[in-house]
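Each remark here refers to the structure printed beneath this line.
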Amino acid sequence: MFYTLKEKHPIPFFLSACRRLEGKGKKENDSIERIGKMADSAYLSKIAGPVVEATSIRGSQINELVRVGSDQLMGEIVALKEDRATIQVYEDTSGLRPGEKVERTEQPLSVELGPGLLSGIFDGIQRPLDRIKEMAGDYIPRGIDVPALNRKKKWTFKASVKKGDSVKAGDVLGTVKEFDFEHRILVPYGFEGAVSDVRDGEFTVTQSIASVGKKDVTMMQKWGVRTPRKSKEKLRIDRPLITGKRIVDTFFPIAKGGVAAIPGPFGSGKTVTQQDLAKYADADLIVYVGCGERGNEMTDVLFEFPKLLDPKNKKPLMNRTVLIANTSNMPVAAREASIYTGITIAEYYRDMGYDVALMADSTSRWAEAMREISGRMEEMPGEEGYPAYLAKRLAEFYERAGRVRCLGTKDRFGSVSVIGAVSPPGGDISEPVSQSTLRVTKVFWALDADLSRRRHYPAIHWLKSYSLYLDDLEKWYLENVASDFYQIRGQCMALLQKEAELQNIVQLIGPDALPDKERLVLEVTKMIREDFLQQNSFEEIDVYSSLKKQHLMLKTILKFYDKAEQALKMDVTLDRVLLAKERQVIAGLKRLKDEETVKAANGAMKSLETSFGKGEKK
Amino acid sequence: MIKEYQTVREIFGPIVYVEGVENAGYGETVEIILPDGTKKKGQVLETRKGLAAVQIFGNTEGLDTQETRIRFTGDTLRLGVSEDMLGRVFNGSGDPIDKGSPIISKEKSDINGSALNPVARDEPKEFIQTGISTIDTMNTLVRGQKLPIFSGSGLPHNEIAVQIARQATVLGKEEAFTVVFGAMGITHSEASFFMQNFEKTGALERAVLFLNLANDPSIERLITPRLALTTAEYLAFEKDYQVLVILTDMTNYCDSLREIAAARQEVPGRRGYPGYMYTDLANIYERAGRVRGKKGSITQLPILAMPDDDITHPIPDLTGYITEGQIVLSRDLYRKNIYPCIDVLPSLSRLMNAGIGKGKTREDHAGISSQLYASYAEGRDLRNLVAVVGEEALTERDKKFLKFADLFEKRFVTQERMENRGIEESLDLGWELASLLPEEELKRVKPEHQEKYGKKFRGSDPEKNVVEHEERQAAKQEARPP
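Residue numbers (our numbering), protein chains in the order written: chain A, 1 to 618; chain B, 1001 to 1482.
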C-alpha cells in the first residue's frame, strides 16, 4: 500500500527542489510556512521513543525541520540514508503509528528574533509557555503551534536612518522600546543597499518597517539555531563580568565574553550560583536556559525575578531576562535544541552591541539528551555511551561566546559570556562531559560537596578552582579597583594554600603542637573563609558586594594578619591577639552597606595600628 | 475496530515481537491472551511497518508463538480514577485486591501524564511540620516538594516514612494529608507494616495503596508508580486534596527499567542502567508540586535503598539531580542506636528557604539551622582528629565543638518514634545546644537573634539537660506496660 502512495508522486525530489528555489527571497515572516506539500508521500516507517524514521522523503536535508504524524509534531532530520530520514521529534511520540505522514518545511530549526523576547519564557524550541498556558491549560499538549513572537502586539518603531541612506547588514535601522531596554532593529544579514522607504510608527513584528535594496525589512528575523550569527571579528578579552560574588570577582573572575564551567555533584549549589549570577551579573541582558532541570526551579525564577530589581537601573530583573525552560520531564529532543535556541537569542542581542550573559543549567542534561538520541539512532557509542562527537559539539557551543566587533558600518561592540553548569555523575569530574567542557572553558568553579555539607556557600573550592582570565583582566582591575588588588589577592591565595599544608600537619599532631605563628595563619585563613569567601544569597546586603568593598574587606583582614604577626614577634600571646575587637568588626563587614563598610574597615585598620602596641609580655 | 494478531514471532525475556502488525501506535496498550485464556497487559515499545515490540507487564510464563493472541487496543495505558479509590488497596496494575467492588469511574487518565507547564506551577512554600527535628529545622519539607529518603538495606526508612505520614501537618491548618502509597517490589511484611500503621492511625480511610510485592512480576513495577501518581494528580488537582505520595522502593523500579533495557539489547550506561534513566525518573519525580489556582498539592516522598550505601550509585545520583533535596540515613548513627538515624550533613532541602522564616516558622530559623550545620560539621571533623592525636591535643575551643557534636546527636537528632516535636521546640533545642559554643563562634546567626532566642540558654548546662532528658526517657520506657 505504501508503494502505491509513492507512485502517486513520482517526482517529489524535482518538485521540492523547484519549490525551494521559489522559496528563496520570499518574505520569511510566518511562524512556519508549510511549503513542503510535495512531501505528502513521505510516511513514518519506525518509531522508537523520540527518534522516528520516515521513508520516501527524498530531497530533504540534514537539520531540516519536519512535521510528523497527524498531530504535526515538530521534528528535525538528523540522518539520511537513501530515501529514509531519521528524525528526532521534539514532542512526545506516544500514539504515533507507522504509515502516518511526514511533511517537510524546507527550513532549518530556527528561532524568531525581534521585540517581544524579553521577560518571556519559552520551551526548548522557542514556543512561548505563557501563551501555551492561556491556550491549552496547565499541561503542555502535543502538536501545539504558537509563534514565539506575538503577531498582534504593536511596537513603536523609531527610525534612525533616512530614506536614501546606504546601509548594510548589521546597521541600526531604528529602535523599539522594550520595557526600558533599547531594542535595536538591525539590517538583517544578506541585506544591503539604499533605504528606499522607512517609517516611524506602530507596527507588528511582521509588518514592513523599511525597504533596503528593494527588499522589505520586518522587525522580526529568523535564524537557524545551529549556525552562529555573524560578526566582524572576535576581540581580545579585557574587562570582567562583575557578579558581586566575592570568590568569583576577587579570586576567579570571568570576563565579558568569557566562558566558565561550574561542575559539582547534586546539592552543591550549581543552580543557586547560576541564579545569583543571573540576578547580579552586570550584563545588559541575561538568557537563562533551564535544560533538563526541575520545573520548580523555573517557577522560582518566574516568581522571584519580577520582584527583584536590577542593581544597575532598579528595574525588575525579569525585564532583562529571557528564559528558556525545557524541564527534565519535557521531551528529550527539545532539550537538545534548547541550548542552541538560547545561544542564538544571546547572539542576537550581542549584535545590537550589548553584553549578554547566558546561563546553561545544566549542560550535562544536554549531553545526555544527545546520548539518548544517539543511542536510539543506534550509533556506535564513544566513552560512557556518549556519541563520539560530544567534545566537538561542546566546543562548538562554547566557541559561540566571545566579545565581538558587530557587523555594520559604525563600530559597535557586544559580548556573550557563557556560564555552563555541569552535573557529573557521583560528582566525579573524570567523566566525558566535564572533561570535554574543561578543555574549552577558561574558568573553572569547582563546587565541593564537603563545603556545601557544612553550608559554606557558595561552595566553590578555592584551591581547586581557577580562572585563566587573570592576566587579561589585570590592567582593568588595577586601573578601576585598586593598584594593590592583585597583590592582595595573591597574598590571600598563598595563605589559603599554606593553610591546606598546615591542615595536613594538624591532622597528624593536633593544632596545639603548632607554633603560634602558624596557628595565626590558620586563624587568618579561617577569617578569609568565613568572613570573606562565605556569602549568603538569602541576605539582602551580603548577596552582592561591590569590587571596592571586596577589596577593602580583604585588605582589612590582611592588615590584621600583618599587625598580629608583628605582635607575635613582640611576644604578645596568640590568645591575646585573637581577642582583638577588630575581628568582630571584620566579621560584620559583609552585613554592611558600601559606605558603612568604608567607615568600619578604615576604623578597624586605624585601630589595628595601635591595638597590639601595649600587649602584655609573655 | 480492535485488531487481534496470532503472529508472535519471538519471545525474549519480557519482550514479545509481533509480526504482520499494521501500524501499531508507539506506547499503545495491548492485551495478551494466553493459550489457557488468561489475559495480560503490555505496551508497545517500538513499532515499525509490520513489526511491533511489546513489553509484557507480568511474567511471560505460558506464552507461546503459536496460539498466543495479541490484541491492540488503540489507546495508551489509562487508569480510571475516582474519589471512591480512597481507602482501597490495588495491585501493581491497578486492579482491586481488597475484595471490594471494582472502581467505576467516568474519567480515565493517561498514566504517563503530561508535562506540567512551568508557567502553570505555583511556588511551593508552605512549611510542613513533620515533628522530626532533623527534617523540620535542618531540611524543611514544604508542600509540593519531592524529597526522597536515601536509605540502605536494614535501615529504618519505613518507620521514618510512617512517622512523617502520621505527623505531617501544615502549620496552622489541621488538614491531614491524603496518602497515596506505591510499593514496588517490597516484601509482604514491609507492606503489612505500612498497612497496619495506616490502619492504626486511621489514615487508611484516606489512603490509596498500590502494591507490587517482591513476588509480583517485576515489569509491572514500571507502571505502579505511574498509577499512584495519576491517582494523586486526580485527587490533588481535581478534588483539592493535599496528597502525600510515598513510593518505595525506587531501586526496584530502576532494576526493572534495566531489565527491559537489557532485554532490548540497548547500549548500557553506568552499571548497566539505560542512558535514558534520568529522563524516565524525571517523568516520575516531576509529577509533584502545586498548580496556580488549584487548592491541592502533591508532595512526594520516594524511598530508595542505596546499593552498598553508595550515594554515587546511579540510582541515588540521578534521583538527587532531579529531586529537591534528599534525606540521607546513616548506618553509623543507626549502629549508635540513634533513631531517626538521619545524617544531616549530606541531607538537603532545596526548597527550605521558601518555607521558613518570619510568619512561616520563626525569624531565626535560617540562621540557627546554618549554625547547627557548620558547628556539627566541625565537631565531626574533630572526631577524626581525635582518633589520631587524642583529645588532649585539642584546644579548649575545639573540645567544645566535639562535645557539641555528641550532644547534637544524642539530644537533637534522637527522638522517640511517637514523639511529635513542634518547630518552636526544635529551634529552641538548637539554641540550647549552641549555647555550648563561645558566642563569637556563632557567625551564622544574626546578633539580634542570638540576643532574643539564644541568650536565655547561655549559662545553662546542655550536657546536664541531655543526661536528665535521657533518664526521663528511660524511665518512661520502663513505666510503659510490656
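Using N, Cα and C, we set each Cβ at its ideal position, and we do this for glycine too. The structure presented is a predicted model; accordingly, all values stated were derived computationally and were not measured.
Within the stretch 1265-1279 of chain B, those residues whose Cβ lies closer than 7 angstroms to any Cβ of chain A are, in chain order, Glu1266, Val1267, Gly1269, Arg1270, Gly1275, Tyr1276, Tyr1278, Thr1279. Under the three-pair Cβ rule at 8 angstroms, the stretch 1301-1314 of chain B does not count as touching the stretch 1376-1385 of chain B. Contact note: Glu1324 of chain B reaches chain A through Arg294, Asn296, using a C-beta cutoff of 7 angstroms and chain order.
In the DSSP assignment, the residues bridged to Met74 of chain A are A:Arg67. For the stretch 1262-1349 of chain B, the full-length alpha helix (DSSP H) segments reaching 4 residues or more read 1277-1285, 1314-1322, 1331-1335 along the chain.
The shortest CA-to-CA distance from Val440 of chain A to any of A:Gly258, A:Glu518, A:Asp516 is the one to A:Gly258. Rounded to the nearest whole angstrom, the C-alpha separation of Thr243 of chain A and Cys291 of chain A is 22 angstroms.
Annotated as distal: Ile1128 of chain B and Val1162 of chain B, with beta-carbon spacing of 8 angstroms or more. The three-state reading of DSSP puts Ser208 of chain A in strand, counting E and B together.
At a cut-off of 8 angstroms between beta carbons, Asn1059 of chain B makes no contact with chain A. Beta-bridge pairing by DSSP links Met1184 of chain B to B:Asn1212.
Nearest to Asp1249 of chain B by C-alpha distance, out of B:Tyr1339, B:Leu1204, B:Leu1304, is B:Leu1304. Interface criterion not met: the Cβ of Glu82 of chain A is under 8 angstroms from no Cβ in chain B. DSSP links Lys46 of chain A through a beta bridge to A:Glu53, B:Arg1048. Shown in chain order are the members of the stretch 40-55 of chain A whose Cβ falls below 7 angstroms from a Cβ of chain B: Ser45, Lys46, Ile47, Ala48. Residues of chain A with a Cβ closer than 7 angstroms to the Cβ of Ser1370 of chain B are, in chain order, Arg455. Annotation note: the stretch 568-602 of chain A contains the following uninterrupted alpha helix (DSSP H) runs of length 4 or greater, listed N- to C-terminal: 574-578, 582-588. When 9 angstroms is used as the limit between beta carbons, Asp1136 of chain B is near no residue of chain A, the shortest such separation being about 17 angstroms.
For Glu1107 of chain B, the enclosing beta strand (DSSP E) stretches over residues 1107-1110. As the crow flies, the alpha-carbon of Phe181 of chain A is around 33 angstroms from that of Pro263 of chain A. Taking 8 angstroms as the CB threshold, Asn1337 of chain B stays off the interface with chain A.
Going by C-alpha positions, Thr1279 of chain B is about 21 angstroms away from Ile1015 of chain B. Excluding sequence positions up to five before and after Gly49 of chain A, its CB lies within less than 7 angstroms of the CB of Thr93, Arg376, all in the same chain and listed in chain order. Taking Tyr354 of chain A as the centre and dropping the five residues before and after it, the same chain places the C-beta of Asp284, Leu285, Gly414 closer than 7 angstroms to its C-beta, in chain order. The beta-bridge partner set that DSSP reports for Ser1151 of chain B consists of B:Ala1305.
Assigned with DSSP and collapsed to three states, Pro458 of chain A falls in coil, not helix or strand. At the C-beta level, Met220 of chain A and Leu113 of chain A come within 8 angstroms of one another.
Burial of Pro1118 of chain B is indicated by the presence of at least 16 other C-beta atoms within 10 angstroms of its C-beta. If you look at Ile1032 of chain B, you'll find it in the beta strand (DSSP E) that goes 1028-1033. Closest in alpha carbon position to Ile1356 of chain B, among B:Val1008, B:Gly1058, B:Lys1125, B:Ile1056, is B:Lys1125. The DSSP-derived three-state label of Phe1401 of chain B is helix. Per DSSP, Gln274 of chain A is not a residue of any beta strand (DSSP E); the alpha helix (DSSP H) it occupies stretches across 270-280. Two segments are said to touch when three or more pairs of C-beta atoms, one from each, lie closer than 8 angstroms; by this definition the stretch 201-212 of chain A touches the stretch 161-174 of chain A.
For Arg1009 of chain B, the secondary structure class from DSSP, reduced to helix, strand or coil, is strand. Taking C-beta atoms under 8 angstroms as the contact rule, Thr1361 of chain B and Ile1423 of chain B qualify, at a distance of about 5 angstroms. Scanning its chain for C-beta atoms nearer than 6 angstroms, with the 5 sequence neighbours on each side dropped, one finds around Ala1052 of chain B the residues Val1018, Val1021, Ala1024, Val1044, in chain order.
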